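First up is the structure itself, then whatever we jot down about it.
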Amino acid sequence: MERESRKISVDIERKWIRVIVSHDKDEEILKLSLDEARSLKEQLNTTIEDYLQRQNIRID
Numbered sequence: 023m024e025r026e027s028r029k030i031s032v033d034i035e036r037k038w039i040r041v042i043v044s045h046d047k048d049e050e051i052l053k054l055s056l057d058e059a060r061s062l063k064e065q066l067n068t069t070i071e072d073y074l075q076r077q078n079i080r081i082d
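Going by my numbering, the sequence shown runs without a break in its numbering and finishes at 82.
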């Protein structure tokens, strides 16, 4: 089974932060305000930290 590739890029477009998620032939473009981008950043940081913490928990 071939693994599908995904690319995420972030750029500035005038007053927006543009996030482009490309997956094979599909593409999703999000245009976020600065406040939305900051909120997303905080949510990602929190989620990544939670994920890393859960990896350290052993289930016996």
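The C-beta atom is built at its ideal place from N, Cα and C for all residues, glycine as well. These numbers were taken from a predicted model, which means no experiment stands behind them.
### Message
When you compare the CB positions of residue 62 and residue 54, do they come within less than 9 Å of one another, or not?
### Response
yes
### CA-to-CA distance, residue 34 to residue 23, given in whole angstroms
Since pLDDT at residue 23 reaches only 43, below the 50 mark, its modelled position is unreliable, and the value read off the structure follows with that caveat. Approximately 36 Å between the Cα atoms of the pair.
### Distance between residue 64 and residue 76 (C-alpha atoms, nearest Å)
18 Å
### Cut-off 6 Å between Cβ atoms - residues of its own chain near residue 49, not counting five sequence neighbours on either side
Nothing meets the Cβ criterion.
### Task
Tell me whether residue 44 sits in a helix, a strand or coil according to DSSP, three-state version.
strand
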